[in-house]
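Heads up, the sequence shown is in our numbering, so the first residue is 3 and it goes up one at a time.
Cβ coordinates follow ideal geometry from the N, Cα and C atoms, glycine included.
First comes the structure, then the notes that go with it.
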Amino acid sequence: MTTTTFQTTSTAASARGLVKTYGRGAAAVHALAGVDVDVAPGRFTAIMGPSGSGKSTLLHCLAGLDQPTDGSVVVDGVELAGLDDDALTRFRRDRLGFVFQAFNLLPMLTARQNIVLPLELAGRRVDEAARVRIDEVVDVLGLSDRLDHRPGELSGGQQQRVAIARALVADAAIVFADEPTGNLDSTASTEVLSFLRRSVRELGRTVVMVTHELDAAAYADDVIVLADGRVRAHLTAPSHDELVAELQAGVR
Ligand code: ADP
């Protein structure tokens, strides 16, 4: 019998009873007020909701970048609360990928050097398997002829594609993207969203993206709608009208 480690868990990430409170007493802000959520592997999930509804806080708690006040987060089968700071840093570095609004590429390195940086930081050899993965990712993201350019010689959309490639080649269990199109014009946004979707469809990755843009959410398979720090709806392939209705209901 052959064994496989591919997708052994039915959820890529899950949160139970997640609470994040800032401040105390009368000044307390309940950024997350008890969130239960499961992120499916091999799918593109968008987190949406009005400004201040807790989107970034939820993403940061799921990605181990922020510590919840209460509740549990399990990512790739690991309970984050059980990790000390060093173990959490290693887990994030080895298992998770991040794409931020501001690209966060190192300006003095070429696109290729930026892409392999996480592997090198983790002390992992860029072996044959890694090279195949890099070629595959670079090919799918259409970056082949841009690899020797520095970020300053690339457009915003190309820089964000390099950032996505960097997250993907490290073989992350989940790629977390926080408003990845926030700094891009509509053409570059379309490009970046298509690439995120292709990385799910063609490379089998799991992507969780915070966005406040309806057009961006339209690329996702699932949409988690937050309102006042709670999950208002968890929709699968919602129509535009369905999504608008849930978002508007959350504002009232
Ligand atoms: P969103 O991403 O949906 O705009 P956030 O997760 O950023 O929402 O914030 C949720 C709530 O928590 C908001 O009311 C916000 O003002 C508050 N908040 C977020 N971060 C902090 C912080 N560091 N200190 C105090 N309040 C915060």
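Is residue i near ligand 1, going by C-beta to nearest heavy atom under 8 Å?
| i | result |
| --- | --- |
| Val164 | no |
With burial defined as no fewer than 16 other Cβ atoms inside 10 Å of the residue's Cβ, what is the status of residue i: buried or exposed?
| i | result |
| --- | --- |
| Met211 | buried |
| Glu122 | exposed |
| Met50 | buried |
| Asp224 | buried |
| Val227 | buried |
| Glu248 | buried |
| Leu108 | exposed |
| Glu193 | buried |
| Thr59 | buried |
| Val41 | buried |
| Thr213 | buried |
How close, in whole Å, do the beta carbons of residue i and residue j come, if the pair is a contact with beta carbons under 8 Å?
| i | j | result |
| --- | --- | --- |
| Arg199 | Phe46 | 6 Å |
What's the C-alpha gap between residue i and residue j?
| i | j | result |
| --- | --- | --- |
| Gln161 | Leu149 | 11 Å |
| Ala17 | Ala65 | 11 Å |
| Phe100 | Ala179 | 6 Å |
| Asp141 | Asp147 | 10 Å |
| Leu119 | Arg133 | 13 Å |
| Arg126 | Gln115 | 14 Å |
| Asp38 | Ala218 | 23 Å |
| Leu245 | Ala30 | 30 Å |
| Tyr221 | Thr91 | 30 Å |
| Ala229 | Glu130 | 46 Å |
| Thr208 | Gly44 | 5 Å |
| His62 | Ile176 | 13 Å |
| Thr189 | Pro182 | 13 Å |
| Asp187 | Leu156 | 14 Å |
| Ala167 | Ala28 | 45 Å |
| Ser201 | Gly56 | 26 Å |
| Glu138 | Gln103 | 24 Å |
| Glu204 | Gly144 | 13 Å |
| Leu216 | Gly36 | 25 Å |
| Gly19 | Gly159 | 37 Å |
| Thr23 | Gly73 | 12 Å |
| Gly231 | Ala251 | 14 Å |
| Gly154 | Arg135 | 25 Å |
Exercise. Residues with a Cβ closer than 5 Å to any heavy atom of ligand 1, in chain order?
Worked result: Summarising the contact set, residues whose Cβ lies nearer than 5 Å to any heavy atom of ligand 1 are, in chain order, Tyr24, Val31, Ala33, Ser53, Gly54, Ser55, Gly56, Lys57, Ser58, Thr59.
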